[in-house]
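Student:
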Amino acid sequence: MQQAGASLPYSSTPPLALYGKKLNKSNKSKNNDVYSFTLPDKKGEEVSLAQYKGKVLLIVNTASRCGFTPQYEALEAMYERLKDKGLEILDIPCNQFGQQAPGSDEEITRFCQLNYGTKFPQFKKSNVNGDDELLLYTWLKAEQGFKGFNLEHPIGKILQQMLSKADPEFDKKSDIKWNFTKFLVDRKGHVVARFEPTEDMKNVEAAIVKLL
0 MQQAGASLPY SSTPPLALYG KKLNKSNKSK NNDVYSFTLP DKKGEEVSLA QYKGKVLLIV
60 NTASRCGFTP QYEALEAMYE RLKDKGLEIL DIPCNQFGQQ APGSDEEITR FCQLNYGTKF
120 PQFKKSNVNG DDELLLYTWL KAEQGFKGFN LEHPIGKILQ QMLSKADPEF DKKSDIKWNF
180 TKFLVDRKGH VVARFEPTED MKNVEAAIVK LL
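Note that numbering that gives the first Met the number 0 has the sequence shown beginning at 0, numbered continuously upward.
(1) Relative to the alpha-carbon of ASP32, which residue among TRP138, GLU151 and ILE207 has its alpha-carbon at the smallest distance?
(2) Around the Cβ of THR197, are there at least 16 other Cβ atoms within 10 angstroms (buried) or fewer (exposed)?
(3) Are at least three pairs of beta-carbons, each pair with one atom in the stretch 106–118 and one in the stretch 136–155, less than 8 Å apart?
(4) Of the choices ARG186, GLU204, VAL208 and PHE122, whose alpha-carbon is the least far from that of PHE194?
(5) Do ASP90 and VAL59 have their C-beta atoms closer together than 9 Å?
(6) Do you know offhand how far HIS189's Cα is from ASN128's?
(7) For ASP131, I'd like the list of residues in its chain whose CB is within less than 7 Å of its CB, leaving aside the five on either flank, ordered along the chain.
(8) Let me make sure I understand the geometry here. Which of ASP199, LYS41, PRO101 and GLN143 has the alpha-carbon closest to that of LEU183?
(9) Below 8 Å on the Cβ atoms is my contact criterion, and I expect LEU228 with LEU38 to pass it. Report the Cβ-Cβ distance as a whole number of Å.
(10) In three-state terms, what does DSSP make of PHE67?
(11) Near PHE96, what residues of its chain come up, given a Cβ to Cβ distance below 6 Å and the 5 sequence neighbours on each side ignored?
(12) For LEU86 versus MET200, is the C-beta distance shorter than 9 Å?
Below, the structure is given as structure tokens:
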């Protein structure tokens, strides 16, 4: 299997700009479920998430040159096991964290298919933090804020130190902290959990299975 290129989970680039918006009551979305949102496909056309009604969704911001990129393998394996039971994984490439998704949409898709055999839907590369973040992510972050990294994970402490150095109050903000943050949505369209990239994939799958 080809390696994910520059696979460091962190970057020397100061990430302060990524954490500039603290969600609060004034900008929290009034939507009650995921189905009123859309996502742009790789052609830029909006896809209604209403088509996933009745499914359990795992929504993930991804990158192809990150230390967490091998999670694609676990995600695809889980998808193959659980898709017939009602799981759908929505893959949203994002280049905001260490610029670790630099390719075009076509290049990213080709990389994922060649290296990990991914078959779940992949959408257009988009921002998940900041003024031009996807509206879906404004809502997701308001529903499920950051609760901390798993510091038993070998990269957990590295991320904690890097982000706290850039912004001592980073942990008080709901913004996405890094690639492969995951939101779990139940069959009624409600966000029930958020998993940071340091969370063990076995725990992610266990939470999904409970909803199927």
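Using N, Cα and C, we set each Cβ at its ideal position, and we do this for glycine too. Nothing here was measured: the structure is a model prediction, and the numbers come from that model.
Tutor: Short version:
(1) TRP138
(2) buried
(3) no
(4) GLU204
(5) yes
(6) 21 Å
(7) none
(8) GLN143
(9) Residue 228 is absent from the structure shown; the chain starts at 0 and stops at 211.
(10) coil
(11) TRP177 and ASN178
(12) no
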